[in-house]
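**Student:**
There are 4 protein chains.
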Amino acid sequence: MKEAIYSQKVEFGDCDPARIVWFPNFFRWIDAASRHFFVECGVPPWHETERTLGIIGTPLVDTHAKFVKTASYGDVLQIHTSIAEWRGKSFVQRHRVMRANSEGAAGGADLIMECDEVRIFAARRDGEPTAIRALPVPEAIRKLCE
Amino acid sequence: MKEAIYSQKVEFGDCDPARIVWFPNFFRWIDAASRHFFVECGVPPWHETERTLGIIGTPLVDTHAKFVKTASYGDVLQIHTSIAEWRGKSFVQRHRVMRANSEGAAGGADLIMECDEVRIFAARRDGEPTAIRALPVPEAIRKLCE
Amino acid sequence: MKEAIYSQKVEFGDCDPARIVWFPNFFRWIDAASRHFFVECGVPPWHETERTLGIIGTPLVDTHAKFVKTASYGDVLQIHTSIAEWRGKSFVQRHRVMRANSEGAAGGADLIMECDEVRIFAARRDGEPTAIRALPVPEAIRKLCE
Amino acid sequence: MKEAIYSQKVEFGDCDPARIVWFPNFFRWIDAASRHFFVECGVPPWHETERTLGIIGTPLVDTHAKFVKTASYGDVLQIHTSIAEWRGKSFVQRHRVMRANSEGAAGGADLIMECDEVRIFAARRDGEPTAIRALPVPEAIRKLCE
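Structural data, given as structure tokens:
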């Protein structure tokens with residue numbers, strides 16, 4: 009199973025008045041990690057797949073996240089991303105956000121949060137500029153990612 | 009059961025190259041809707057509760073979201089927020105994001121996404137500037153919100 | 009000279025560990041105020057003007073902002089937007105961000121920040137998906153905005 | 009004159025429906041580059057300087073930015089940051105955002121945007137949680153940065 013690692017430094021402006029990462033920022037980074045996974049596997053950028061396969065991206069249909077520890081500015085995070093499950097018209101992408109600049113009780117990096125996403129390969133619906141529909145998972149892309 | 013409604017207009021910059029709302033923005037708005045709920049119920053701002061109750065906010069420990077329809081700029085969203093469950097040291101806050109400028113098949117507003125969050129009332133841990141701990145749900149706050 | 013007013017509530021997550029608005033958020037709101045001005049003047053959304061006039065939006069070429077007072081969560085801001093100058097292929101849009109929930113020394117609303125932007129009406133360059141060029145200011149749009 | 013370089017990859021979600029970087033994101037990155045400069049020069053994090061010098065950060069009082077070329081997702085940006093001028097109670101920080109994955113006509117990296125910021129070293133005003141005031145530029149910090 010392929011895994012990609014996306015690194016992200018936490019900045020001052022990513023934190024809120026409680027001085028910890030404001031949680032929507034985790035989703036910004038996880039979305040970048042999601043695309044990074046496909047890039048690392050050799051999948052072309054979405055503006056290319058739009059022309060070749062009709063795929064405009066991999067929008068979310070479901071996400072479930074657990075927040076384990078807080079992070080703050082100065083921390084360096086590493087997001088470990090893999091595909092946990094392939095389905096007919098969707099897939100489950102798993103992200104584990106670790107703090108690279110620390111060690112947890114067991115001697116490994118601290119787990120900050122983890123997230124399972126259900127995503128689809130989306131195409132536009134004809135004639136509606138913002139409506140999308142799920143395509144069957146393309147074999148060519150699946151092979152690159154396994 | 010109390011419900012608060014938070015309105016949010018979708019802007020051009022909230023949308024991504026696929027021309028639909030970039031999903032982390034939903035979490036920005038839901039976080040605002042979460043705090044809006046407490047304000048509507050009469051709970052003071054967190055910089056006040058920090059002094060009076062030691063509460064610095066209500067950070068997330070778990071969130072589960074389903075994305076039903078896309079939204080784009082020009083849309084007006086209404087987020088319906090309530091407390092679905094009170095637990096000893098946490099609570100479940102439920103958010104339903106509806107498109108106010110449209111009607112679904114059943115004649116009501118379109119459901120765009122929905123989200124169940126588990127949140128805590130957090131205090132700082134002594135001596136650690138960014139570490140937090142969960143407090144028992146304060147009775148006074150619970151009464152204001154029921 | 010037409011003026012449009014865009015209202016924006018400051019949220020907890022818009023503020024940084026210093027508890028004041030993290031300044032890039034002002035530019036998010038000003039960009040929304042910029043588009044709001046055109047909408048209020050009757051200019052169609054950019055996905056329509058892309059089809060009719062080839063205009064994909066009004067990207068910035070220059071911005072100059074002064075930050076006068078801080079704002080924090082709970083504040084309600086009003087952004088007063090107008091066109092200060094029309095040029096051949098660009099225009100100067102002026103934004104004044106006032107705090108609506110306060111009064112300054114002179115009895116009026118507090119000025120929080122102000123910003124002069126130079127923007128263009130942009131079209132795509134042929135064959136380059138992300139390259140843009142400035143169009144002459146369209147007479148029809150200028151008339152709507154004066 | 010010291011210079012620090014801050015690297016930033018442009019992500020899908022940083023781009024707007026015109027497929028180019030939504031400009032407020034440049035200010036997010038420049039703010040990170042501003043703090044990165046001080047960190048590289050050996051200045052402690054703001055939560056430490058708050059205790060030692062009363063300095064909570066370096067908020068903006070004025071910024072002037074020119075946008076020269078567009079950037080899009082997949083681009084790698086390098087922000088070159090230096091102090092262009094020291095004043096009594098403020099300083100001018102200069103940022104040049106270059107595209108590292110490309111070459112301009114002259115054979116060097118493309119200039120994407122540049123920005124001169126006037127910032128202050130800020131302390132809290134007594135008794136007002138969100139009001140700030142400018143301190144004289146601390147000699148110790150200035151020496152680290154020259």
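Chains as they are written, first to last, in our numbering: chain A, 9 to 154; chain B, 9 to 154; chain C, 9 to 154; chain D, 9 to 154. We put the CB at the ideal spot given by N, CA and C, even for glycine. Predicted, not measured: the structure shown is a model, and the values here were computed from it.
#1: Below 8 Å on C-beta distance, what does A/P53 contact in chain D?
#2: Measuring alpha carbon to alpha carbon, tell me which of D/N109, D/V126, D/P144 and D/M121 ends up nearest D/T78.
#3: For A/A139 and chain B, any beta-carbon pair shorter than 8 Å?
#4: For the ligand NAD, I want to know if B/R102 counts as a neighbour, meaning its beta carbon is within less than 7 Å of at least one of the ligand's heavy atoms.
#5: Please report the Cβ distance between D/A142 and D/F129, rounded to the nearest whole angstrom; I am assuming they are in contact, meaning their Cβ atoms lie under 8 Å.
#6: Looking only at DSSP bridge pairs, what is A/Y14 linked to?
#7: For D/D7, name the three-state secondary structure that DSSP assigns.
#8: Counting pairs of beta carbons, one from the segment 44 to 63 of chain B and one from the segment 39 to 54 of chain A, are three or more of them closer than 8 Å?
#9: List the residues of chain B that D/G21 touches, going by C-beta distances under 8 Å, in chain order.
#10: Below 8 Å, can you find three or more Cβ-Cβ pairs linking the segment 24 to 39 of chain A to the segment 30 to 42 of chain B?
#11: When you compare the CB of D/F129 with every CB in chain C, is at least one pair closer than 8 Å?
#12: Quick one: what's got a C-beta closer than 8 Å to B/G96's C-beta in the same chain, skipping five residues either side?
#13: Look up C/T71 in the DSSP assignment and say whether it is helix, strand or coil.
#14: Might you give, ordered along the chain, the residues of its own chain that have their beta carbon closer than 8 Å to the beta carbon of D/A139, omitting 5 neighbours on each side?
#15: Three-state secondary structure (DSSP) at B/E125?
#16: What are the boundary residues of the alpha helix (DSSP H) that includes B/L152?
#17: For C/R133, decide whether its Cβ has a neighbour in chain B, counting only Cβ atoms nearer than 8 Å.
#18: For a cutoff of 8 Å on Cβ pairs, would you count A/F75 as touching chain B?
#19: Roughly how far, in whole angstroms, is the beta-carbon of B/R127 from the beta-carbon of B/S98, given that I think they are within contact range, below 8 Å?
#20: Mind checking who D/A142 pairs with in its DSSP beta bridge?
#21: Check the Cβ-Cβ distances between B/R150 and every residue of chain D, and say whether any is below 8 Å.
#22: Please look up how many angstroms separate the CB atoms of C/Y14 and C/T89, rounded, as I've assumed it's under 8 Å.
#23: Anyone know if the C-beta pair for B/T57 and B/I63 falls short of 8 Å?
#24: How would you label C/E125, buried or exposed, when you count the other beta carbons within 10 angstroms and need 16 or more for buried?
#25: Starting from C/V102, trace the beta strand (DSSP E) both ways and give me its first and last residue.
#26: Closer than 8 Å, CB to CB, is B/H103 near chain A or not?
#27: For my contact list, D/F75 and C/L68 are in at a C-beta cut-off of 8 Å; report their separation, rounded to the angstrom.
#28: Taking just the CA atoms, how far does C/G82 sit from B/A148?
#29: Where C/V84 and A/L85 are concerned, what is the direct C-alpha to C-alpha distance, given to the nearest angstrom?
#30: Buried or exposed, going by whether 16 or more other CB atoms sit within 10 Å of the CB of C/M9?
#31: Can you pull the chain A neighbours of B/T71, defined as C-beta to C-beta under 7 Å?
#32: Would a C-beta distance cut-off of 8 Å place C/D24 and A/C23 closer than the cut-off?
#33: Work out the CA separation of B/C123 and B/G21 for me, nearest whole Å.
#34: In three-state DSSP terms, what is D/W30?
#35: Return helix, strand or coil for A/E155, following the three-state DSSP convention.
**Tutor:** Once the coordinates are examined:
#1: Numbered from its first residue, the first sequence carries residue 53 of chain A at position 45. Think of a sphere of 8 Å around the beta carbon of A/P53: the chain D residues whose beta carbon falls inside it are Y81 and G82, in chain order.
#2: The count along the fourth sequence starts at 1 and reaches residue 78 of chain D at position 70. Ranking D/N109, D/V126, D/P144 and D/M121 by Cα distance to D/T78 puts D/M121 first.
#3: Residue numbering aside, residue 139 of chain A sits at position 131 when the first sequence is read from its first letter. Closer than 8 Å: yes.
#4: Annotation note on the ligand NAD: not contained in the displayed structure, which lists no ligands.
#5: Along the fourth sequence, read from residue 1 onward, the residue named residue 142 of chain D stands at position 134. Along the fourth sequence, read from residue 1 onward, the residue named residue 129 of chain D stands at position 121. That belief holds up - the Cβ atoms of D/A142 and D/F129 are roughly 7 Å apart, short of 8 Å.
#6: Counted from its first residue, the first sequence places residue 14 of chain A at position 6. DSSP output for A/Y14 lists A/I87 as bridge partner(s).
#7: As displayed, chain D neither begins before 9 nor continues past 154, which places residue 7 of chain D out of reach and without an answer.
#8: no
#9: Here residue 21 of chain D refers to the residue found at position 13 when the fourth sequence is read from its first residue. Simply D24, W30 and P32.
#10: yes
#11: For the purposes of this step, residue 129 of chain D is identified with residue 121 of the fourth sequence, where counting begins at 1. Chain C has no Cβ within less than 8 Å of the Cβ of D/F129.
#12: Start at 1 with the first residue of the second sequence, and residue 96 of chain B comes out as number 88. Excluding sequence neighbours, B/G96 sits near P144 and V145.
#13: Looking up residue 71 of chain C in the third sequence gives position 63. C/T71: strand per DSSP, three-state reduction.
#14: Position 131 of the fourth sequence, counted from the first residue, corresponds to residue 139 of chain D. The residues are R132 and R133.
#15: In the second sequence, counting from the first residue as 1, residue 125 of chain B sits at position 117. Three-state DSSP puts B/E125 in a strand.
#16: On the second sequence, position 144 is the one that residue 152 of chain B refers to. Counting along the chain, the alpha helix (DSSP H) containing B/L152 begins and ends at E147 to C153.
#17: Here residue 133 of chain C refers to the residue found at position 125 when the third sequence is read from its first residue. It does not; no Cβ of chain B falls within 8 Å.
#18: Sequence index remark: in the first sequence, residue 75 of chain A carries index 67 (1-based). Yes, A/F75 counts as interfacial toward chain B.
#19: Position 119 of the second sequence, counting from 1, holds the residue named residue 127 of chain B. Position 90 of the second sequence, counting from 1, holds the residue named residue 98 of chain B. Contact holds; Cβ gap of about 6 Å.
#20: Locating residue 142 of chain D in the fourth sequence gives position 134, where the first residue counts as 1. According to DSSP, which records beta bridges pairwise, D/A142 is partnered with D/A130.
#21: As a working mapping, residue 150 of chain B is identified with position 142 in the second sequence. Output row for B/R150: interface = no.
#22: The sequence position of residue 14 of chain C within the third sequence is 6, counting from 1. The sequence position of residue 89 of chain C within the third sequence is 81, counting from 1. That pair is a contact at about 7 Å.
#23: Taking the first residue of the second sequence as 1, we reach residue 57 of chain B at position 49. Taking the first residue of the second sequence as 1, we reach residue 63 of chain B at position 55. Contact: yes.
#24: What you label residue 125 of chain C is simply residue 117 of the third sequence in a count that begins at 1. Residue environment analysis places C/E125 among the buried positions, since at least 16 neighbouring C-beta atoms fall within 10 angstroms of its C-beta.
#25: Sequence index remark: in the third sequence, residue 102 of chain C carries index 94 (1-based). Note that residue 102 of chain C is Arg in the sequence shown here, rather than Val. F99 to R107 is the extent of the beta strand (DSSP E) around C/R102.
#26: For this step, residue 103 of chain B is matched to residue 95 along the second sequence. Look at B/H103: its C-beta is not under 8 Å from any C-beta on chain A.
#27: Here residue 75 of chain D refers to the residue found at position 67 when the fourth sequence is read from its first residue. Here residue 68 of chain C refers to the residue found at position 60 when the third sequence is read from its first residue. At roughly 5 Å, the Cβ-Cβ gap stays under 8 Å, so D/F75 and C/L68 are in contact.
#28: Numbered from its first residue, the second sequence carries residue 148 of chain B at position 140. Numbered from its first residue, the third sequence carries residue 82 of chain C at position 74. Straight-line Cα distance between these residues: approximately 22 Å.
#29: Looking up residue 84 of chain C in the third sequence gives position 76. Looking up residue 85 of chain A in the first sequence gives position 77. Taking the straight line joining both Cα atoms gives about 34 Å.
#30: Position 1 of the third sequence, counted from the start, is the residue given in the question as residue 9 of chain C. Exposed is the call here.
#31: Here residue 71 of chain B refers to the residue found at position 63 of the second sequence. Correct list: A73.
#32: For the purposes of this step, residue 24 of chain C is taken as residue 16 along the third sequence, with counting starting at 1. For the purposes of this step, residue 23 of chain A is taken as residue 15 along the first sequence, with counting starting at 1. Yes.
#33: Indexing the second sequence from 1 puts residue 21 of chain B at position 13. Indexing the second sequence from 1 puts residue 123 of chain B at position 115. If I take the Cα positions, the gap works out to 23 Å.
#34: Residue 30 of chain D sits at position 22 when you count from the first residue of the fourth sequence. D/W30 falls in the coil class under three-state DSSP.
#35: Limits of chain A in this structure are 9 at one end and 154 at the other, which puts residue 155 of chain A out of reach.
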